[in-house]
Structure formats: C-alpha cells, structure tokens
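First the structure, in the form of structure tokens, and then the observations on it.
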Amino acid sequence: MPIDPQEFLEAIAPPLGWYYLAVAGLNLGASWSSWRAGKPWPGAVAWLALAVLFTALASLAFAGRPLEMRDACKIAVDAVLGPVTLTAGSFCVLAAFYLGRRWLVIPAVGWVLLDASFLFLGASLADPHFAATVLKPDNVPIVAMVYLLGFFTWLGAAQAVENDRRLREDQPPAEKKLGGTTLVWPDLVYIELICTLILSTVLIVWSLAVRAPLEQPANPALTPNPSKAPWYFVGLQEVLVFFDPSMAGVVLPGLIILGLMAVPYLDRNPRGSGFYTIAQRRFAYVVFQLGFLQLWILLILIGTFFRGPNWSFYGLYEPRDPQKMAALGNLKLSDAFWEICLGRAAPQPSPDAGKLARLGTILFRELPGLALVGVYFAAVPILLGRTILRSFRRQMGRGRYWIMTLLLVMMIALPLKMILRWTCDLSYVVSMPEYFFSF
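Here the sequence shown stands for residues 843 to 1281, where the numbers follow this note's numbering.
Okay, here's the thing in structure tokens:
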C-alpha cells in the first residue's frame, strides 16, 4: 500500500519528539555525573551541548518538522550496506575494534558513538520504509538487543583493556579485588527482586504501548511473503540461501554444538582464567568475536532487517516491493568448469549404467569442486600450521590442532560462500543431488 509522506511525518513526529527528549535526558545525566565526579569540565560541557542539541531536535519534531535524512544520504547508506560490502565491511569493523580497542573503550569515545547511533536512528525513522521495518512489533526488541549487545561487548572489552594495562604494570587484575563472601539471602535475592520488579514494569508498559504482533489465523491457501522464522532461527534461514538444506539445517548446527563441546579439551592456554583479558587470550577472543558477531548476529540482522518479499535483499530505505525478484543466479562450479571454461557439456551418468559407473561419472563431473574442497580443508590447515599457527600446532599436538583448524576453516567457509554467491552467483562448489550432497 502506498504511503503518503506527509501523513507519515505527522504521525511519526510526536514519538520522535519524545525519543529525542529521552536521548537529551541521557546526555544531561551524563553531564551531571561527569561534573559531580570532578572530571575535567570539557566533558560535562560537551554532554550538556549534546543535550541541548537533542532538545532542539525534539522541539522541531513536536512542531511537525523532524530531522530527515537526505535522499542522497539514503542512497549512499543503501549502497554501503549492500550484501557484499555489508559482509566484508563487518570484518573490517571487527578488525578496527580489535586493533583500536584501547581508544574505542574510552568512555567519552563510546558515548559519542552511542549518540551518533541515536542521531542516525532518529533521522532514519523519519523515512517511512525504514520505520515500517524497524518499528514492526516483531523487530522492536531486536533493535533493543542490538544496543544491549553493543554495550556489553564494549563493556567487556573495556574491562579487558584495563586488566591488560594492570598486568603490564605487574598489578593483579581488577577481579581480584572482588574477594569475600556474598550471601544469597538477603543480598542476591534482594537484587533479583528489584530486577524482577523493573523488568515486569517494562514489560507491562511495553505491552500497553506496542501492539502485539498478531496476524490473521493460519490459512493453508495463503503463505506470508516473506515467511520468516523466529529471530533466533532467522540466521539459519539465511544460511539456507548459501548451503544445501541438509548442510545448513543439520551439519552446520551440529558442528556448532560439537565445537562448543570440544572447546574445553582444545584450549591448552592456562592464562587469562577468571578475569577479562584480550592480551593473554588473543586467539580465543578473535575467534569468538568472529563466530558470534560475524557468523551469527550478522545473519540474524540480515534476515530481520534486509530480507523482504521473495527473500530478496533490500536496502534499509528501499520499499519492500513484492515485484522485486532476487538477482542471484544458480551457477554450479562444475557447470562453470565444463561449459564455460572447456566449452563442453558436463558429464552426466547414463540411466542404464551400474552403480559404480554412475558414481565414477558423478565424481568425474564434480572433480574440480572436490579438488578445491580437498585443498581448502587439507592444505589450508597445513599452511596455517607452518606459518601463523605454528606455536599452536606445537602446543596442542597433532590431533587437537587438526580438530581446531577444521572447525576454524568450516567457520570461514560461510562468509566465503556468501561472498562467492553474491559476486559470482556460485551456488554450489560441489553438487551431487543424486546422493543428496551439495556444498
């Protein structure tokens, strides 16, 4: 249904006004806290100036003229957050956070980034297509969880950087000061009671302010478009775009569970136990951030905010047009090798051939993909063991090292497959539907 921009602005302006007032209150509280703590005055003045800025934005919103993002900026954001740039850019963001963590965990820097995200969100909510996606009752808690995830990731990194500094100065980590006994009653139960009351109040207010995401009764003759899984499974639904259903729904989740079970037996590093640290657990920290943020949270965000009708990829400000069809092709590596490179049809098994003859023909047809997969899973661990992971190979032993590297290259295979799918339309490296195996 077409959206009238003027009617939308009139409807969204008052909520945006209250939103900017809430952000102004946060900055005013930060300014007061900085002044009361005796910190240098420029910080308190800066937060006060931001509070004044957001108050002015609130007054404009209440007047029916909320801050809007220019069309050129929307086009630029949609271009930057395309499928390839979003996947590759998220790697760059994680690398920048790791390399610049000592600067990014400074409270003033973190608060500026938080205010910038609030400003971006407020300006984007003035766009009807962005608001229709973000303010959907199903997606509102996802936005809140993004902010919570960002805060606790930042907080954990800040505590780790502080402990690393203390260890460099031959001081014990900050957690060592938390000694002593804490009683379950009344200390722990009292805190849990307060948290229960606060969360119950939030849920009651939320249920009154936001409509429940209820739809019409299920109709077998009418399938929703798109039909999305719950948010905690939408990441697996996104993996189905790049892998065979058996691989995406069975093998990969199974490897995740087995990998988590194997972690205590693979980890031989006794350092950094019982306190936050990055310097003493660099490899574990990087692998966890890659696996959790890049290979799980990113897939959830893509499936929630970037997938629309027909499971096509949409920009944040792009209208969800059901007529838009997915631009992805369906090119198999064997087809590219035989038909494009050699200019001949790919070998196909004869219906009258025996089982061994059929198997031989299929393996010959998929030989390029099988060779590539074999090199990836066999040569890459060997290469890593002789270069950047040489110390790990010596410490862990052959068995532990091979299990760890095989799990690691399987993790990296997902973003590689995503980029190949979006750039080269490569659907499968190995495709043997005759035996229900594709990769």
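Ideal Cβ positions, reconstructed from N, Cα and C, are used throughout, including at glycine.
Would residue 1195 count as contacting chain C if we go by Cβ distances under 7 Å? The chain inventory of the structure shown lacks chain C, comprising one protein chain alone.
Just to confirm the assignment: which complete alpha helix (DSSP H) runs, minimum length 4, are found wholly within the segment 1121–1174? 1124–1131 and 1140–1143
Ignore the nearest five residues each way along the sequence and tell me which others in residue 1073's own chain have a CB closer than 7 Å to its CB. 984, 1142 and 1146
Would you kindly report the start and end of the unbroken alpha helix (DSSP H) that includes residue 836? Here the chain covers residues 843 to 1281 and nothing more, so residue 836 does not appear.
Let me know the secondary structure DSSP gives residue 1277 once reduced to three states. helix
Assuming contact is defined by CB atoms lying nearer than 7 Å, are residue 970 and residue 1148 in contact in what I supplied? no
Specify, as a first and last residue, the run of the alpha helix (DSSP H) that residue 1268 falls within. Element bounds for residue 1268: not the alpha helix (DSSP H) but the beta strand (DSSP E), 1268–1270.
Would you say residue 1240 and residue 1227 are within 7 Å of each other, going by their C-beta atoms? no
Could you tell me which uninterrupted alpha helix (DSSP H) segments, each at least 4 residues in length, are contained entirely in the segment 1223–1268, listed from first to last along the chain? 1232–1266
Is the separation between the beta-carbon of residue 885 and that of residue 876 shorter than 7 Å? yes
Do you know how far the Cα of residue 1048 is from the Cα of residue 1032? 24 Å
Which whole-angstrom value describes the C-beta separation of residue 1008 and residue 1016, a residue pair presumed to lie in contact below a C-beta threshold of 8 Å? 7 Å
Ends of the alpha helix (DSSP H) at residue 915? 913–922
Residue 825 in three-state terms, based on DSSP: The shown model of the chain, from 843 to 1281, leaves out residue 825, and the question about it has no answer.
Looking at residue 1189 and residue 1200, is the spacing between their C-beta atoms short of 7 Å? no
What does the Cβ neighbour count give for residue 1107, buried or exposed, with the cut at 16 atoms within 10 Å? exposed
Same chain only: Cβ atoms within 8 Å of residue 1018, ignoring 5 sequence neighbours per side: 1117
Between the Cα of residue 990 and those of 1050, 1158 and 956, spot the shortest distance and give me the residue it belongs to. 956
Enclosing alpha helix (DSSP H) for residue 959 [first to last residue]: 949–966
Report the rounded CA-to-CA distance for residue 893 versus residue 900, giving the unit in angstroms. 10 Å
With distances taken from CA atoms, which of 908, 1025 and 1191 is nearest residue 964? 908
For residue 903, is the classification buried or exposed, using 16 other Cβ atoms within 10 angstroms of its Cβ as the cut-off for buried? buried
Which of helix, strand or coil DSSP assigns to residue 989: helix
Short of 6 Å in beta carbon distance, which residues of its chain neighbour residue 1268, apart from the five on each side in sequence? Order them along the chain. 1173 and 1262
Of the choices 941, 1156 and 1099, whose alpha-carbon is the least far from that of residue 926? 1156
What whole-angstrom Cβ distance do residue 1055 and residue 1078 have, given they're in contact under 8 Å? Between residue 1078 and residue 1055 the Cβ distance is about 20 Å, and since that is not below 8 Å, they are no contact.
Identify the continuous alpha helix (DSSP H) that holds residue 1112 and give its terminal residues. Residue 1112 -> no alpha helix (DSSP H), and no H or E assigned at all.
Terminal residues of the continuous alpha helix (DSSP H) containing residue 1037? 1031–1051
Residue span of the alpha helix (DSSP H) that contains residue 933, given as start and end: 925–941
Return the residue from the list 1204, 1136, 1111 and 1272 that minimises the CA-CA distance to residue 1124. 1111
Rounded C-beta distance between residue 928 and residue 939? I'm assuming under 8 Å. Rounded, the Cβ-Cβ distance is 16 Å, inconsistent with contact.
Cβ separation of residue 1000 and residue 854, assumed to be a contact under 8 Å, to the nearest whole Å: Actually they are not in contact, since the Cβ atoms of residue 1000 and residue 854 sit about 35 Å apart, beyond 8 Å.
Cβ-Cβ separation, residue 1211 to residue 1271 (assumed contact under 8 Å), whole Å: 4 Å
Look up residue 1062 in the DSSP assignment and say whether it is helix, strand or coil. coil
Three-state secondary structure (DSSP) at residue 1073? coil
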